[in-house]
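Below is one structure, written out as structure tokens; comments come after it.
In the working numbering, the protein residues as written are 67 to 187.
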């Protein structure tokens, strides 16, 4: 078996924008021998931990942001910069920065007009 350092087969995008009502998954995958382990880091260099109901890393290496209510918004999670890191015994590679931005979904009611032409909500 020939050893090979990690090489991205699916590098995450530079930006990930999503609404709190939908959540999102940011893909990251790499190949190598031995098979690389995928971890995600914050821009400051710290390895992220799963946060129940808000953020976790799937077995396929994707970073998942779950849908959340507006009162669960956290800037350190939902408005942050992340990097995917693929590593094995040969070496490690890091992706470009991924700027994550979550926004609050706002439902708007349609505006109706009464018989005189003024707006009614």
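Glycine included, C-beta positions come from ideal geometry on N, C-alpha and C.
Taking only three categories from DSSP, how would you classify residue i?
i, result
"residue 133", "coil"
"residue 80", "coil"
"residue 107", "strand"
"residue 85", "strand"
"residue 125", "coil"
"residue 114", "coil"
"residue 98", "strand"
"residue 119", "coil"
"residue 93", "coil"
Distance check for residue j and residue i, CA to CA, integer angstroms please.
i, j, result
"residue 112", "residue 121", "15 Å"
"residue 160", "residue 129", "14 Å"
"residue 141", "residue 106", "17 Å"
According to the neighbour-count rule (16 or more other Cβ atoms, all chains shown, within 10 Å of its Cβ), is residue i buried or exposed?
i, result
"residue 156", "exposed"
"residue 109", "exposed"
"residue 119", "exposed"
"residue 136", "exposed"
"residue 100", "exposed"
"residue 78", "buried"
"residue 152", "buried"
Could you work out which residue in the options is closest to residue i when comparing CA atoms only?
i, options, result
"residue 98", "68, 82 and 87", "68"
"residue 117", "84, 104, 143 and 93", "143"
"residue 125", "138, 93 and 148", "93"
"residue 38", "72, 82, 86 and 73", "Summary: the structure shown does not reach residue 38, with the chain confined to residues 67 through 187, and so no result is reported for it."
"residue 75", "89, 81 and 102", "102"
Enumerated in chain order, which unbroken segments of the alpha helix (DSSP H) with a length of 4 residues or greater are wholly contained in the region 135–166?
141–144
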